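Taking the working numbering, the leading residue of the sequence shown gets 563, the next gets one more, and so forth. Ideal Cβ positions, reconstructed from N, Cα and C, are used throughout, including at glycine. Quantities reported herein were computed from a predicted structural model and do not represent experimental measurements.
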Amino acid sequence: MSSIDQIGWFPGHMAQSIRLMHERLALVDVVLEVVDARLPTISANPLLDELIGDRPRLVLLGREDLADPQFTGKWIAYEQRLGRRALAINGKQQGSVRNALPLLTDLGRGRRTMRAMVVGIPNSGKSTVINGLAKRIAAKAEDKAGVTRSLSWFRVSPTLEIMDTPGILPPKIETAQARWQLALCNALPRERYDAADVVARFIDWAAEHRRSVPDLETFARQRGFLRRGNEIDVHNAAGAYVKDFNVAKFGRITFEAPPAMELTA
Ligand SMILES: Nc1nc2c(ncn2[C@@H]2O[C@H](COP(=O)(O)OP(=O)(O)OP(=O)(O)O)[C@@H](O)[C@H]2O)c(=O)[nH]1
Ligand SMILES: [Mg+2]
563 MSSIDQIGWF PGHMAQSIRL MHERLALVDV VLEVVDARLP TISANPLLDE LIGDRPRLVL
623 LGREDLADPQ FTGKWIAYEQ RLGRRALAIN GKQQGSVRNA LPLLTDLGRG RRTMRAMVVG
683 IPNSGKSTVI NGLAKRIAAK AEDKAGVTRS LSWFRVSPTL EIMDTPGILP PKIETAQARW
743 QLALCNALPR ERYDAADVVA RFIDWAAEHR RSVPDLETFA RQRGFLRRGN EIDVHNAAGA
803 YVKDFNVAKF GRITFEAPPA MELTA
């Protein structure tokens with residue numbers, strides 16, 4: 563388990579996938595970039611941005627059900643100000659995902675059939691988006707980082723094929739804030755970080771931003787994560803805390819505001 567300074571994950575399959583994605587992009591008309599609405603910049607990988615270049619792109623702000631709606635609206639407006647197409651989605655709701663279809667058609671500029679590639683950091687909901695568009699379970703999706711390991715095409719309609727790709731993180735996650743927030747939002751496998759450390763950072767962040775969240779000790783006692791002698795079981799309590807965060811048990815929280823907007827405003 564790694565301390566905050568060492569949090570990262572760039573296994574061989576990611577480097578290999580980037581090379582393959584670069585090759586396959588020649589076959590692609592449109593790119594669907596899935597970021598996390600709770601951290602839209604931190605969850606947008608610069609490597610992928612470079613890879614996409616100026617290809618037509620639709621940014622999907624996934625997990626909008628967990629993010630603060632006020633900020634999600636501001637993020638969409640911000641993306642639009644930059645001249646980019648963006649849509650907030652709840653990947654778990656087919657109807658929400660399928661709102662992307664007219665935007666994709668529009669980006670395809672009248673093409674009768676289209677090929678798209680879905681890209682993003684691990685666990686952002688890429689495969690789930692494919693399944694929502696296809697209205698069936700086509701791509702394997704699971705709540706842990708690193709489920710999709712290879713590139714594969716899925717036909718989601720008679721006129722649209724989408725390539726699923728593995729989640730890609732930057733080889734080095736630059737700031738401590740990005741590291742703990744990506745870990746907390748489940749972009750890294752559980753064994754790549756110390757959950758107690760990550761939860762402690764989150765609790766500090768919440769205090770700074772006047773959000774009321776339980777401290778780990780209170781949470782552990784309430785949930786019965788205790789060892790002999792009434793000591794709290796820090797490891798398991800922190801793991802459960804991360805899980806609860808990811809179902810919005812502490813409210814819908816967004817960590818990043820678009821430029822020129824304060825989180826406590
Ligand atoms: N609450 C919530 N959960 C979501 C959303 N989108 C996806 N999920 C869940 O997130 C988990 C990961 O989804 P996947 O589609 O497997 O993610 P992925 O980006 O393909 O992940 P990798 O292949 O590991 O990179 C699944 O349990 C999904 O049900 C969303 O908008 N809201
Ligand atoms: Mg996947």
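With a cutoff of 8 angstroms on beta-carbon distance, I604 and Q743 are scored as near each other. Contact between G687 and R625 is confirmed by a C-beta separation of about 7 angstroms, below the 8 angstroms threshold. Looking from the CA of V590, the closest CA among A749, L644, T690 and R673 belongs to R673. Cα atoms of A810 and L628: separation of roughly 6 angstroms, rounded to the nearest angstrom.
Residues I651 and N652 of the same chain have their beta carbon placed closer than 7 angstroms to that of S658, with the five preceding and five following residues left out of the count. Between the region 797-805 and the region 615-622, the count of Cβ pairs shorter than 8 angstroms is below three; the stretches do not touch. Counting the other CB atoms within 10 Å of its CB gives G574 a total below 16, which places it among the exposed residues. Residue pairing by DSSP leaves M576 without any beta bridge partner. For E612, the enclosing alpha helix (DSSP H) stretches over residues P608 to I614. Closest in alpha carbon position to L750, among Q656, P728 and A768, is P728.
Contact between A799 and F812 does not hold, since their C-beta atoms are separated by about 14 angstroms, which reaches or exceeds 8 angstroms.
With at least 16 other beta carbons inside 10 angstroms of its own, R741 counts as buried. W637: member of the alpha helix (DSSP H) spanning P631 to R643, first to last residue.
Your pair E818 and P602 checks out as a contact, with CB atoms roughly 6 angstroms apart and the cut at 8 angstroms.
Secondary structure of L628 (DSSP, three-state): coil. Put simply, the region 631-650 does not touch the region 699-713. Fewer than three CB pairs are less than 8 angstroms apart. If the five residues before and after A648 are omitted, its C-beta is found closer than 6 angstroms to the C-beta atoms of V621, I638 and E641, all from its own chain and listed in chain order. According to the DSSP assignment, I724 belongs to the beta strand (DSSP E) that extends over L722 to D726. Checking the 7 angstroms criterion, the Cβ of R752 is out of range of every heavy atom belonging to ligand 1.
Excluding its 5 nearest sequence neighbours in each direction, I683 has C-beta neighbours in its own chain below 6 angstroms: S605, N607, G729, L731 and A749, listed in chain order. Within the same chain, and ignoring the five residues on either side of F787 in sequence, the residues whose Cβ sits closer than 7 angstroms to its Cβ are I794, D795, N798, A799 and A802. In this structure, ligand 1 has no non-hydrogen atom nearer than 7 angstroms to the beta-carbon of T634.
Judged by beta-carbon spacing, V718 lies within the 8 angstroms limit of I692, meaning their Cβ atoms are closer than that value. The residues I794, in chain order, have a CB closer than 8 angstroms to that of E779 in the same chain once the five nearest residues on each side in sequence are set aside. Taking M583 as reference, the option from M725, W767 and P733 with the minimal CA-CA separation is M725.
DSSP places E818 in the coil class of the three-state scheme, outside both helix and strand. Non-local C-beta neighbours of I569 in its own chain, meaning closer than 6 angstroms and more than five positions away in sequence, comprise R741, A745 and Y755, ordered along the chain.
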